[in-house]
Amino acid sequence: MHLVLSDEMDAPHLRAEVERAVPGARVENSGPGLLAVHGLSTESTLRTPLVFARQLLLDATFESATSIRAWAELLFNRVSAVVTGTGPWRLHVTPRYGQGSAGANRCGLIRQTLLEELGRRRRSLKRSLHAEPSLFRPDESFVQLLLTSPETGFLSILTAPRPYELRHRIAGDPMGEIPLASDKSAPSRAFAKLVEAERRLGVPITADDFCVDLGASPGSWSYVALQRGARVTAVDRSPLRDDLMVNPRLTFVRGDAFRFEPDRRADWLLCDVIAAPERNMGLVLEWLRRGLCRRFVVSIKFKGADDYRKLDQLKEELPGLTESFLLTRLCANRNEACAAGTARAP
Ligand SMILES: C[S@@+](CC[C@H](N)C(=O)[O-])C[C@H]1O[C@@H](n2cnc3c(N)ncnc32)[C@H](O)[C@@H]1O
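In my numbering, the protein residues as written are 16 to 361.
The structure is reproduced here in structure tokens:
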């Protein structure tokens with residue numbers, strides 16, 4: 016059985032998405048924003064991006080324990096049986112019950128009690144616990160305990176290299192929640208989308224990069240790229256904020272994003288144009304087919320839930336055009352999804 020977590024609001028969309036992707040799967044609601052999927056092989060879970068999934072617990076088992084100490088003991092036994100201590104591993108103990116921060120304190124205490132136990136009985140495992148919420152490394156294992164009540168929960172243990180192989184499908188941050196980046200100097204809150212996409216990709220824009228930013232005004236995405244030291248060609252019908260317009264590393268092109276042709280391959284295609292989903296999807300597919308970009312972050316904006324199934328075209332075509340990609344609703348997205356990834360070498 017696999018568990019798939021979504022935002023509570025997105026739960027019906029996730030369910031529709033899973034049922035469409037894997038017609039034979041049996042899908043059950045196991046809590047708020049929590050679906051249990053039976054009969055979906057791990058292989059097909061690997062292949063199918065689920066836009067509305069915030070986190071996956073693959074091969075999850077149902078568990079129960081009556082106290083914090085009993086949970087820690089259960090974790091100790093399971094983890095020390097399969098995680099070797101030679102490579103790093105990551106542990107998420109998170110609650111999914113009640114309101115607000117219910118269970119967070121209990122989860123913190125379970126984690127702390129486990130660490131004390133490891134310190135006494137398995138020091139190497141304690142030392143190799145990896146705290147950074149970054150992308151999974153090839154030698155890293157991943158343990159998730161999700162409490163659905165104080166005394167029940169689900170446990171998933173993936174040993175290396177599976178978390179790495181699944182790095183664009185499972186999240187390195189607990190429950191896939193990434194706090195929204197904030198910067199009062201950025202021209203708009205759209206800034207947080209690009210910062211989150213970089214983090215989920217595990218690849219930041221760098222000073223050596225040339226970025227094309229389509230639908231760039233008022234300029235938050237260009238602002239992020241310029242802050243990283245990159246050069247930017249920004250395309251919009253309206254200008255960007257004044258200070259960005261005079262930045263020597265920015266070239267502004269007034270015009271239609273869908274007609275813009277770069278004079279050389281861009282390191283990053285950034286596209287946040289407000290347009291129908293099929294237009295932005297068509298644009299990124301075209302840029303990838305023609306080898307016009309090395310990496311991409313593209314927003315797909317929706318008018319209603321009817322649009323969501325249009326994303327199936329990207330699920331079908333991106334695997335053949337990219338080395339790796341993610342297709343997800345970012346925490347910073349509103350009624351949008353984000354397609355991001357690395358193109359196949361031309
Ligand atoms: C959501 S805003 C982009 C915000 C921007 N990413 C930022 O971070 O500041 C969408 C932009 O798309 C632009 N836009 C819409 N259609 C366009 C088109 N066909 N060509 C160029 N720009 C377009 C709008 O002018 C608007 O500035």
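For every residue, glycine included, the Cβ atom is placed at its ideal position computed from N, Cα and C.
C-alpha distance - residue i paired with residue j, whole-angstrom precision
| i | j | result |
| --- | --- | --- |
| residue 25 | residue 67 | 6 Å |
| residue 203 | residue 81 | 48 Å |
| residue 77 | residue 331 | 33 Å |
| residue 325 | residue 36 | 13 Å |
| residue 74 | residue 167 | 17 Å |
| residue 361 | residue 306 | 6 Å |
| residue 291 | residue 260 | 27 Å |
| residue 83 | residue 149 | 28 Å |
| residue 267 | residue 281 | 15 Å |
| residue 322 | residue 23 | 19 Å |
| residue 338 | residue 253 | 34 Å |
| residue 170 | residue 63 | 22 Å |
| residue 193 | residue 342 | 16 Å |
| residue 122 | residue 164 | 11 Å |
| residue 125 | residue 184 | 26 Å |
| residue 198 | residue 151 | 27 Å |
| residue 308 | residue 283 | 6 Å |
| residue 186 | residue 91 | 23 Å |
| residue 18 | residue 273 | 39 Å |
| residue 101 | residue 136 | 16 Å |
| residue 269 | residue 329 | 29 Å |
| residue 145 | residue 313 | 31 Å |
| residue 293 | residue 315 | 8 Å |
| residue 345 | residue 243 | 21 Å |
| residue 205 | residue 127 | 37 Å |
Exposure label - residue i; buried when at least 16 CB within 10 Å
| i | result |
| --- | --- |
| residue 99 | exposed |
| residue 45 | buried |
| residue 208 | buried |
| residue 191 | buried |
| residue 299 | buried |
| residue 116 | exposed |
| residue 356 | buried |
| residue 52 | buried |
| residue 96 | exposed |
| residue 340 | buried |
| residue 79 | exposed |
| residue 118 | buried |
| residue 32 | buried |
| residue 295 | buried |
| residue 178 | buried |
Reduced DSSP category for residue i - H, G, I as helix; E, B as strand; rest coil
| i | result |
| --- | --- |
| residue 30 | helix |
| residue 309 | strand |
| residue 315 | strand |
| residue 98 | coil |
| residue 166 | coil |
| residue 346 | coil |
| residue 124 | helix |
| residue 106 | strand |
| residue 266 | strand |
| residue 220 | coil |
| residue 91 | helix |
| residue 185 | coil |
| residue 70 | strand |
| residue 261 | coil |
| residue 159 | strand |
| residue 77 | strand |
| residue 256 | coil |
| residue 200 | coil |
| residue 288 | coil |
| residue 340 | strand |
| residue 276 | coil |
Check whether residue i and residue j have beta carbons under 8 Å apart
| i | j | result |
| --- | --- | --- |
| residue 241 | residue 265 | yes |
| residue 54 | residue 20 | no |
| residue 111 | residue 172 | no |
| residue 153 | residue 189 | no |
| residue 161 | residue 72 | yes |
| residue 61 | residue 30 | no |
| residue 201 | residue 226 | no |
| residue 347 | residue 195 | yes |
| residue 317 | residue 351 | yes |
| residue 354 | residue 333 | yes |
| residue 358 | residue 303 | yes |
Q) Is the number of C-beta pairs between the segment 99-116 and the segment 154-163 that are closer than 8 Å three or more? A) yes
Q: Examine the Cβ distances between the segment 126-140 and the segment 81-91 and report whether three or more of them are shorter than 8 Å.
A: yes
Q. Touch check for the segment 249-262 and the segment 205-219: three-plus C-beta pairs under 8 Å?
A. no
Q) Per the contact definition of three or more C-beta pairs closer than 8 Å, is the segment 194-213 in contact with the segment 140-148? A) no
Q: Indicate whether the contact test is met: 3 or more Cβ pairs, each with one atom in the segment 236-244 and one in the segment 283-301, closer than 8 Å.
A: yes
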